[in-house]
Structures are given as structure tokens and as C-alpha cells.
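Read through the structure below, which is laid out as C-alpha cells, and then see the notes.
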Amino acid sequence: MSGRSERSQLMTYHPSLLLAVFGNLQARWRSLLVLHLFFAGLGVAAFLPLSTWMATRLLSVTGASAVSNDDLLTFAFMPGAWLLALCAGSLALTLVFVQSAGILMSLEVHGRNRYQAATSALLSVLQRLPSILALACLQVGAHLLIALPFLLLIGGLGWFLLADYDPYYLVNEWPPAMQLFTAGAGVLLLGMIMGNGALYLRWVLALPALLFEQVTPWAALGRSQRLTRGYRSRIALLILASALITLAMPPLFSLLYRQGVALTLDWIPTVQGLVISYMLLVILGYLVLVAVLTFIGVSFNSLLIRQLYLRACGLRRTHAPRPASRLSGWLSWGAEAAVLLLALAQAGWILHGFLHLEDEVTITAHRGSSINAPENTLAAIELAIQEGADYVEIDVRQTADGALVLLHDRDLRRLGGGSRPIWQLTLEEVRAIDAGSWHDPAFAAERIPTLEEVIHTVRGRAQLYLEIKPSAQTPDLAADVINLLQAENMLDQTLLAGLSRTTLASIADLAPDSRRALFVHSVVGTPDYSGLHAVGKRAAIVDRGAVSRARRGGYQLHVWTVNDRDQMSRFIDLGVDSIITDRPDVLADLLAERAALSDAELLLLKLANWLR
Numbered sequence: 293m294s295g296r297s298e299r300s301q302l303m304t305y306h307p308s309l310l311l312a313v314f315g316n317l318q319a320r321w322r323s324l325l326v327l328h329l330f331f332a333g334l335g336v337a338a339f340l341p342l343s344t345w346m347a348t349r350l351l352s353v354t355g356a357s358a359v360s361n362d363d364l365l366t367f368a369f370m371p372g373a374w375l376l377a378l379c380a381g382s383l384a385l386t387l388v389f390v391q392s393a394g395i396l397m398s399l400e401v402h403g404r405n406r407y408q409a410a411t412s413a414l415l416s417v418l419q420r421l422p423s424i425l426a427l428a429c430l431q432v433g434a435h436l437l438i439a440l441p442f443l444l445l446i447g448g449l450g451w452f453l454l455a456d457y458d459p460y461y462l463v464n465e466w467p468p469a470m471q472l473f474t475a476g477a478g479v480l481l482l483g484m485i486m487g488n489g490a491l492y493l494r495w496v497l498a499l500p501a502l503l504f505e506q507v508t509p510w511a512a513l514g515r516s517q518r519l520t521r522g523y524r525s526r527i528a529l530l531i532l533a534s535a536l537i538t539l540a541m542p543p544l545f546s547l548l549y550r551q552g553v554a555l556t557l558d559w560i561p562t563v564q565g566l567v568i569s570y571m572l573l574v575i576l577g578y579l580v581l582v583a584v585l586t587f588i589g590v591s592f593n594s595l596l597i598r599q600l601y602l603r604a605c606g607l608r609r610t611h612a613p614r615p616a617s618r619l620s621g622w623l624s625w626g627a628e629a630a631v632l633l634l635a636l637a638q639a640g641w642i643l644h645g646f647l648h649l650e651d652e653v654t655i656t657a658h659r660g661s662s663i664n665a666p667e668n669t670l671a672a673i674e675l676a677i678q679e680g681a682d683y684v685e686i687d688v689r690q691t692a693d694g695a696l697v698l699l700h701d702r703d704l705r706r707l708g709g710g711s712r713p714i715w716q717l718t719l720e721e722v723r724a725i726d727a728g729s730w731h732d733p734a735f736a737a738e739r740i741p742t743l744e745e746v747i748h749t750v751r752g753r754a755q756l757y758l759e760i761k762p763s764a765q766t767p768d769l770a771a772d773v774i775n776l777l778q779a780e781n782m783l784d785q786t787l788l789a790g791l792s793r794t795t796l797a798s799i800a801d802l803a804p805d806s807r808r809a810l811f812v813h814s815v816v817g818t819p820d821y822s823g824l825h826a827v828g829k830r831a832a833i834v835d836r837g838a839v840s841r842a843r844r845g846g847y848q849l850h851v852w853t854v855n856d857r858d859q860m861s862r863f864i865d866l867g868v869d870s871i872i873t874d875r876p877d878v879l880a881d882l883l884a885e886r887a888a889l890s891d892a893e894l895l896l897l898k899l900a901n902w903l904r
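Residue 293 is where the sequence shown starts when you use this note's numbering, and the numbers rise one by one after that.
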């Protein structure tokens, strides 16, 4: 049999390949666990701070590291964005490569026990660290070069089709221009994915070639390309199947675990000490399960690459040493004990957050009660107050004749009032527009209100959460808003908000004693929130860490826009200061129900929410 046909058989005999992977994992799982813990700690201790520092330095060219949609779009076309992507991608891939290299080398080195095997593997990897870093930079740079023309074409297509539309209108109404852009962008994204996928398959064996053949990074890429020629579709199927399985394992087992625990909640006596102990065990068990599954997934994929490399070289079996003997005594459980201790510390941290039993969260009605009435109208504001809102969040823009009116978008397309921007319309023209029928014919009489009308409606009943929507055409907007609030004695009952630090800085200059909030869509780097009363973050980027940072920073954390009851309960448990919602009535009912629970019942409710 020729070498190529024998190699072809090895590459297609998937059952034996997978059995070899499982055999390696079973034989060396203890040393692999030691390496996994080390690299997980390295990621937390070194990679995250370094990547944050790098992002902060590169983002200094934008003037802010907390950015809105517009800021993200602008930044995406700046050279700094691509430099950031190259540096961050190379750093991330280096960490992945180093961990994979440690796993690969752990099966090639000898040691009297798993700790020596892991240490020897680690030292061997560190000796090759410059080459591994160079390999990561080459791969990330090549992938970015493939992606760049596709992304530029997507950006150009978006500019051509969508530049005249308000982004919120595009997302909510999905006009034909948006449909055409989505179709075109989808085709371009597919092309980008296929191009990068093909390159990944060519270079998938570069890391083991670099480690085991002692070649340069560039030569390792060429070696991988030759080894995979003719087998890339088979390799792709194996890697894709492995990735799907390892990605599906944590959420699947997590779901089964959560469902199983949820069935027991009704059987737990509502005795606070017993409930706290039960919660600690449940959280600890969950964290250990996730850690074990993550370890298996990382190790399995690295060992699969090793087997593919060996078989692509025409080898039927590995030449790994026999499994290392165990240490006797307490050291034999060192890695396992470390997993338990880390999980216990994290479980205690989570549980400590649950033990705060007072729901100190305010209700902010997003553009009024905008589920039950047309947004930013007096009807929505009045209904929100009746439903128990503490704050009424509104958007303020300025007309051609200087009037301050409530409007979120820059134009009136969503209200059926045409595409002319608000700064080209007079107050009389704006008032002639039906601002309610688009929501429900019953609100046909509603008109776009002025800020002065809103002040008279909310005074003494709720506070204003006023987002200033600036534009180059309305340079006096912030000053006119401040002047009106001061004239109406409403400044101390208003939280002034904006999407940029520039807007808030101008507000601070005009009214140093005002309360100010920054709305944040995305966070890159380390934002500076000094001088702010509150930061309003999109729900997807709010977690327990964000709450802790807010406490340390001395500002309130608000979350937007949360309309699901279970999500509301989860954010209450996290400890946010305000929930911005289109459904203030639902949030008010939820807070009333939670207030009626005993401490033990509330703890069980928090556990149930966490399990969701």
C-alpha cells in the first residue's frame, strides 16, 4: 500500500481517531487539568488586564472607551480599529496556542508524576513562546486581510442604502432598503466566512508542526498546507463536529442541572439557614460542572488536532509515554482541590450578592409606558406615572424655530410624518402631525408634546430622565434645555442623559450641580465614569461585575431596556439601581410581589432566577 493511500485510510478512520483522543484524555487528565488551571489563571491575571490596557490606549484616539452605535461605526473605519483587532486577536490567539501547545507537549514529555509532566510541558512551551506569538500574528493578520475587503464592501453598501435613515427606524420598521442591505451583507459575510474558513483549514496543523518539527512559523504554515491537501473537507467535518459537541455540552448539561435543581425548590423548608446552605451547594455544584465541561472541551479539541497531525504524517499511533504515576498523599488531589476551592470562592461571592434582601431599584418608564401608549407622548407619560414609575425617560430634540419637543428619531418616518429631519420643521408643523395612530387608532388625538408640557405633567409626581439628542444643526439644544429646567425649578428633579461624554461635558459646564447619566451601548477598554451620577447600560452587557464596578466607582448602574418579567427579577437580584422598561406596570407588580415574601422565600426566588 502506498504512503498516500495508507495516510488516507488513517485520516478517514474516524472511530479509531476519536478513540485515540479519548485514550489520551483518560491517560493524562490529571496533568492536563493542572495545565488548564494554570492557563485559565494566566488568562485572568495577564491576558484580560493586558488586552484592556491595549484597548484603552488605542481607543484614546476616539476620546472615549464607552461608545454608542455611531461611535462604533466611526471607529470601525479608523486605522486604530484594525490595529486593535490585530493586537487583541494576536494576543487572544497566542493564549489559545500556548494552552494548546501545553496540552500537546504534555503527551510528549516524561515526568515522575503529573505535576512534573505539566511543568516540563510548560517549560517546553515557554521556550517556544516567541515562535508561537509570531505564528499567532501571522494567522490573525492573514485572516484580517481576507476580512477587510468584505467589511469595506459591507460598510460601503450600508452607506449607500441606509445613510438617509435613522438607525432606530431601520431596526424597528425594516424598510426595503434595510432588507436589501441585509441580503447583500449576508452574501458578503458568507463569502468572508468561507474565505477565512478555507484559510483556517489550510493552517490548522501549523501549531503541532511548529512544536514537533522545530521549524519557523512561516515554514509551519507551509507544512500544514501540504499535510492537509486533499483532506480538508474531512478535517473540516471532524473539527466542526467536535466544536459543536464541545460547545453544546456546557449549555446542555447546565440546562439539565438547572431543571433538576428547580424541581427540588418546592421541597426545601423555608428556614433561612437551611436555604442558604442549600443555595451554596447548588451554586458550587453548578460551577464545578461548568469547570469540568470546559476543561474537557478545551483538552479534547487540542488532542484532536494532535491526532490529525500525527495521522496526516502517516503515523498510526502516538508515541506518548506511559501515564505518569500518581503522587501519594494529599498532593495527589492538588489540581482537583484547586478546582473545588476556586468554585467555592466563586460560589461564596455569588451567594454573598444574594444575601442583600432589599430591592432598592427604581422604575424608569422608557419614553413613558410605551407598550401601552405611543412613546414620548403625554398619554404615555401620564399612564407611566399612574403605573408607579419613579422616573419618566424622554428624548428631547429641537425644531427649526427653537422649540424643545419630545422625539427619539431624527425624523418622523416611524410616526408616518415624512423623512424631513426635525430641525427642518417648525413647531407648528410638528404639532400638526398625528403622533398616536401608528400605535393605536385610539390615540389619534395625541400630538408631539413640548418639554414644557411634560414638565407641567410630571412635576411633583415623578422625576424626569431626560436624554438630550444633539445634532450639528441644533447647537443650542443643551443650553435651551438647561435654561428651561432652571426657569421651571425642575433641574433638581431631572437626571440629564446622553450617549456621549461630549454632550455631558457641555451639560456640566452649563449646570455644574446637575445630575448626569451616560448611556452606554458597548464598552471597550476601561471607561472613565468619574463625575457621573449614573451609567445606563444595555441589558446584554450588565452582569455582577458591572454592578461591583459601579459600587467601587460611586455611580449608579441603570439597565435598559428590560421588558421581560424574569429578566427584571434577575437584574433586581444583581443589584442594579434602576430598570428602564417599556412596561413600568409589570415591574411595579413584580416589586410588590417580592416585597410580600419572607427572607427565606426571597432567597429561594433568587436561586430560581439564577437557575434560569
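Even glycine gets a Cβ: it sits at the ideal position worked out from N, Cα and C.
Under DSSP, the beta strand (DSSP E) around residue i begins and ends at which residues?
i, result
"Thr654", "Thr654 to His658"
"Thr691", "Note, Thr691: premise wrong, no beta strand (DSSP E); not H, not E."
"His828", "According to the sequence provided, residue 828 is Gly. The question's His does not apply to it. Element bounds for Gly828: Ala826 to Arg830."
"His850", "Gln848 to Trp852"
"Thr718", "Element bounds for Thr718: n/a, residue is neither H nor E."
"Leu870", "Per the sequence shown, the amino acid found at residue 870 is Ser instead of Leu. Where Ser870 is concerned, the enclosing beta strand (DSSP E) stretches over Ser870 to Thr873."
Note down, in chain order, each residue of its chain lying with its Cβ closer than 8 Å to the Cβ of residue i, except the 5 sequence neighbours on either side.
i, result
"Leu449", "Phe473, Gly476, Ala477 and Leu480"
"Val773", "Val688, Leu696, Leu743, Leu758, Ile760 and Leu788"
"Leu260", "Past the edges of the chain, shown from 293 to 904, lies residue 260, and the structure says nothing about it."
"Gly710", "Asp703 and Leu704"
"Asp877", "Ser661, Asn664, Glu679 and Gly680"
"Ile560", "Leu566, Val567, Tyr570 and Leu896"
"Asn901", "Asp858, Ser861, Arg862 and Asp865"
"Leu317", "Leu324, Ile588, Ser591, Phe592 and Leu595"
"Asp847", "The identity of residue 847 in the sequence shown is Tyr, whereas the question assumes Asp. Counting only Cβ-Cβ distances below 8 Å, and skipping sequence neighbours, we find Tyr821, Leu824, His825, Ala826 and Val827."
The alpha helix (DSSP H) that contains residue i, what's its start and end?
i, result
"Thr520", "Pro509 to Thr520"
"Glu745", "Leu743 to Val750"
"Ile485", "Pro468 to Arg494"
"Glu759", "Run containing Glu759: none in the alpha helix (DSSP H); it sits in the beta strand (DSSP E), Gln755 to Ile760."
"Phe735", "First-last for Phe735: undefined, no H or E at that position."
"Leu530", "Arg524 to Thr556"
"Arg320", "Arg320 -> no alpha helix (DSSP H), and no H or E assigned at all."
"Leu883", "Pro876 to Ala887"
"Leu776", "Leu769 to Ala779"
"Ser591", "Gln564 to Ala604"
"Ala838", "Arg836 to Gly845"
Would you mind stating whether residue i and residue j have Cβ atoms separated by less than 8 Å?
i, j, result
"Thr717", "Ala692", "Note that residue 717 is Leu in the sequence shown here, rather than Thr. Yes, they are a contact pair."
"Arg706", "Glu465", "yes"
"Leu310", "Ser423", "no"
"Arg830", "His813", "yes"
"Gly756", "Val868", "Before going on, a small fix: residue 756 reads as Leu here, not Gly. Their beta carbons are not under 8 Å apart, which means Leu756 does not touch Val868 by this criterion."
"Val708", "Pro666", "Checking the sequence shown, residue 708 turns out to be Gly, not Val. No, Cβ-Cβ distance for Gly708 and Pro666 is not below 8 Å."
"Leu530", "Cys605", "no"
"Val313", "Leu576", "no"
"Ala779", "Asp682", "no"
"Leu796", "Ala771", "no"
"Asn668", "Leu699", "yes"
"Ile833", "Val750", "no"
"Leu643", "Leu572", "yes"
"Ala469", "Leu482", "no"
"Thr827", "Ala809", "For the record, residue 827 in the displayed sequence is Val; it is not Thr. Their beta carbons are under 8 Å apart, which means Val827 touches Ala809 by this criterion."
"Arg881", "Thr853", "Reading off the sequence shown, one finds Asp at residue 881, where the question assumed Arg. No."
"Val580", "Ser546", "no"
Short of 6 Å in beta carbon distance, which residues of its chain neighbour residue i, apart from the five on each side in sequence? Order them along the chain.
i, result
"Val886", "Val is not the amino acid found at residue 886; the sequence shown has Arg there. If we look at Arg886 and ignore the five residues flanking it on each side, its Cβ neighbours are Asp651."
"Arg807", "Leu787 and His825"
"Ala724", "none"
"Thr508", "none"
"His731", "Pro666"
"Gly355", "Only weak support exists for where Gly355 lies, its pLDDT of 48 falling under 50; the coordinates are left without a value."
Check whether the Cβ of residue i lies closer than 7 Å to any heavy atom of the ligand ADP, and answer yes or no.
i, result
"Arg844", "Looking at this structure, you won't find the ligand ADP or any other ligand, since it has none at all."
Suppose the cutoff is 7 Å on Cβ atoms and the five residues either side in sequence are ignored; what does the same chain contact list for residue i look like?
i, result
"Ala528", "Leu493"
"Arg417", "Reading the sequence as shown, one finds Val at residue 417 and not Arg. Val390, Ala393, Gly394 and Met397, listed in sequence order."
How do the stretch 563-580 and the stretch 595-602 stand: do at least 3 beta-carbon pairs fall below 8 Å, yes or no?
-> no
With a floor of 4 residues, list each alpha helix (DSSP H) that falls wholly inside the stretch 781-819, ordered by position along the chain.
-> 793-802
Between the stretch 481-488 and the stretch 434-451, do three or more beta carbon pairs fall short of 8 Å?
-> yes
Which runs of the alpha helix (DSSP H) fall wholly inside the stretch 394-456 and span at least 4 residues, in chain order?
-> 406-419 and 421-454
Specify whether the stretch 541-557 and the stretch 510-528 touch according to this definition: at least 3 beta carbon pairs, one from each stretch, less than 8 Å apart.
-> no
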